[in-house]
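To convert, count from 1 in the sequence shown and add 3; that's this note's numbering.
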Amino acid sequence: MKIIIKNCLVLLLLLTWFAANPQIVFSAPSADSQRIALLLPLQGVYGESGQSIRDGFLAAFYQSLSYDSNPPTIQIIDTSAGNVVALYKQAITQRASMVVGPLSKEQALQLIQAPLPIPTLVLNTLSIPQNINNLYQLALAPEVEAKQVADKAYQDGKRTAVIVAPNDEWGARVAQAFLSEWAQLGGKVAGQTYYGEPNGLATQVSQLLHVDQSEQRSKDLKKILNQTNMRTIPYRRQDFDIIFLAAQPEMARQIRPLFNFYYASNIPIYATSHIYSGTPNPQLDQDLNGVKFCAMPWLIDQEKLPSILQADFRSIQFNFPQEMQKQPQLFALGVDSYYLAQQILSKRLVRENQGATGILKFQSDRKWLRELDWAQIVDGKPVLIANEKTDRPAS
Numbered sequence: 004m005k006i007i008i009k010n011c012l013v014l015l016l017l018l019t020w021f022a023a024n025p026q027i028v029f030s031a032p033s034a035d036s037q038r039i040a041l042l043l044p045l046q047g048v049y050g051e052s053g054q055s056i057r058d059g060f061l062a063a064f065y066q067s068l069s070y071d072s073n074p075p076t077i078q079i080i081d082t083s084a085g086n087v088v089a090l091y092k093q094a095i096t097q098r099a100s101m102v103v104g105p106l107s108k109e110q111a112l113q114l115i116q117a118p119l120p121i122p123t124l125v126l127n128t129l130s131i132p133q134n135i136n137n138l139y140q141l142a143l144a145p146e147v148e149a150k151q152v153a154d155k156a157y158q159d160g161k162r163t164a165v166i167v168a169p170n171d172e173w174g175a176r177v178a179q180a181f182l183s184e185w186a187q188l189g190g191k192v193a194g195q196t197y198y199g200e201p202n203g204l205a206t207q208v209s210q211l212l213h214v215d216q217s218e219q220r221s222k223d224l225k226k227i228l229n230q231t232n233m234r235t236i237p238y239r240r241q242d243f244d245i246i247f248l249a250a251q252p253e254m255a256r257q258i259r260p261l262f263n264f265y266y267a268s269n270i271p272i273y274a275t276s277h278i279y280s281g282t283p284n285p286q287l288d289q290d291l292n293g294v295k296f297c298a299m300p301w302l303i304d305q306e307k308l309p310s311i312l313q314a315d316f317r318s319i320q321f322n323f324p325q326e327m328q329k330q331p332q333l334f335a336l337g338v339d340s341y342y343l344a345q346q347i348l349s350k351r352l353v354r355e356n357q358g359a360t361g362i363l364k365f366q367s368d369r370k371w372l373r374e375l376d377w378a379q380i381v382d383g384k385p386v387l388i389a390n391e392k393t394d395r396p397a398s
């Protein structure tokens, strides 16, 4: 216990120091230890994301010191401003046994234009026609989650969906992934809306549900009958049985109550993991009550994790709550990338891992596909739905 606390204090000091010194090496005690180069953006647009992955990676590394007699040496290289190909070659020159990163798809695509002489775990998903030697892929791809939502909803007996997604590139990707899987399963789509600014949400939901048409018919009827005081009750369309919602927490908390207001409170809402911030906030998340979403076990139910990950979670949560709460999903990705890197280096790949980000299934193309658990917001808090999984993992 003293060793773990000491290591955690050292890590806390290092995380503070990294901001001013983004490229460092932490040497393991053994001279013959393997060397992992971590190539991540630590500044700029992707800086916070890169820092969260780095923090999770190093937290897992320090936890492993309590039981790993020959841990690797870790080198941190900031890819924010440099040429990623040149930085990769630099890591090899400095005797890296393996590279983890880069994070962005653009940099990953640049990297694979030349042969990869050492194992390289990129933290993104690349659409490439053939396997590339030494290339491994792990990502929090929203498309995979959208497909799992479609699988789960269809498994639950739902057949006709309406789709609500942001009017941007991310929203288009998520919606298309859901649409593709839903159509393949035999599901139908009754309507779609792509939202922008919050002040237009009410109008968009009203139009999606055809409540605006019902209200207009009421106005027309009152005018025809010359009964302006006549009381009418608008109604919504009846041709759908599921709402697929793609949204970040702030927008999801505004959209969910609108479906209640416009007479669709009895229609189940299914969502990707993005609707939950990763940090319990019952006061704000009351507005998400009833929403089902695919969820990372690291953030919902740590008891499902292997004992070693449970111990890591408790220790990391106690010692580094601020680092975990910044971007907990990416922190968890950092944790998983460390453990998978260890498997790659040892040439002992496990076909199915219970990781922090989900069940990680190793594929023939050297990609890990994530299978998530299912949770529901109850009284503003996420609650794991017992024994509920999609029968068919997304591909």
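Just so you know, even glycine gets a beta-carbon here, dropped at the ideal spot from N, CA and C.
query	result
Starting from the C-beta of P120, find all residues in its chain whose C-beta is less than 8 Å away, skip the five residues before and the five after it, and write them out in chain order.	I95 and N137
My output table needs one value for Y139: the three-state DSSP class, helix, strand or coil.	strand
In terms of alpha-carbon separation, which member of T282, L291 and F264 lies closest to A274?	L291
Kindly indicate which three-state DSSP category T163 falls into: helix, strand or coil?	strand
Between L41 and R57, which are expected to be in contact by the criterion C-beta below 8 Å, what is the C-beta distance as a whole number of angstroms?	6 Å
Return helix, strand or coil for Q195, following the three-state DSSP convention.	strand
How long is the line joining the alpha carbons of N173 and S72, rounded to whole angstroms?	What sits at residue 173 in the sequence shown is Trp, not Asn. Taking the straight line joining both Cα atoms gives about 43 Å.
Helix or strand or just coil, what does DSSP make of N284?	coil
For the stretch 232–279, list the beta strand (DSSP E) runs that are entirely contained and at least 3 residues long, ordered along the chain.	245–248 and 272–274
Which residues in the same chain have their Cβ closer than 7 Å to the Cβ of D242, if we skip the five residues on either side of it in sequence?	T163 and A193
From the DSSP output, read off the bridge partner residues of I95.	Beta-bridge pairing links I95 to no other residue.
For the alpha helix (DSSP H) that contains A180, what are its first and last residues?	E172 to L188
Return the CA-CA distance between Y342 and E253, expressed in angstroms with no decimal places.	32 Å
With H, G and I counted as helix, E and B as strand and the rest as coil, what does DSSP make of I56?	helix
Hey, how far is the Cα of F247 from the Cα of W185?	11 Å
So what does DSSP say about M299, is it helix, strand or coil?	coil
What does a CB cutoff of less than 6 Å around V214 pick up in its chain, not counting 5 residues either side in sequence?	P237, R239 and Y265
Any idea what DSSP makes of Y354, helix, strand or coil?	According to the sequence as given, residue 354 is Arg; it is not Tyr. It is coil, neither helix nor strand.
Write down the C-beta distance between L68 and P75 rounded to the nearest angstrom, noting that I regard them as a contact closer than 8 Å.	The Cβ separation is near 11 Å, so there is no contact.
From the DSSP secondary-structure annotation, give me the bridge partner or partners of M101.	I39
When you compare only the Cα positions, how much space is there between N202 and Q257?	10 Å
Using the beta-carbon count (16 or more within 10 Å), is I6 buried or exposed?	Confidence in I6 is poor, its pLDDT being 37 and thus under 50, which makes the residue's placement unreliable; the coordinate value appears in the next sentence. By the 10 Å Cβ count, I6 comes out exposed.
Here's the rule I'm using: 16 or more other beta-carbon atoms within 10 Å means buried, otherwise exposed. How should S130 be labelled?	exposed
Which residues bound the alpha helix (DSSP H) around F334?	P331 to S349
As a quick exercise: from P285, E109 and A117, pick the residue whose alpha carbon is nearest that of Y49.	E109
Can you tell which of R373, S107, P122 and K161 has its C-alpha closest to the C-alpha of T82?	S107
In whole angstroms, what is the alpha-carbon distance linking P132 and F64?	34 Å
Do F60 and G358 have their C-beta atoms closer together than 7 Å?	no
Taking A153 and L188 to be in contact with their CB atoms under 8 Å, please state how far apart those CB atoms are, rounded to whole angstroms.	6 Å
Please report how far the alpha carbon of R354 lies from the alpha carbon of V102, in whole angstroms.	21 Å
Pick out whichever of P44, V208, P300 and M299 has its Cα sitting closest to the Cα of L255.	In the sequence as presented, Leu is not what sits at residue 255; that position holds Ala. Looking at the Cα atoms, V208 is the closest of the given residues.
Mapping DSSP to helix, strand and coil, what is A378?	strand
Give me whichever residues DSSP pairs with D81 in a beta bridge.	L43
Determine the DSSP secondary structure at I388, reduced to helix, strand or coil.	coil
Where does L399 sit, in a helix, a strand or coil, going by DSSP?	Nothing in the structure corresponds to residue 399, since the chain is present only between 4 and 398.
Taking 7 Å as the cut-off, decide whether the C-beta atoms of L211 and V165 are in contact.	yes
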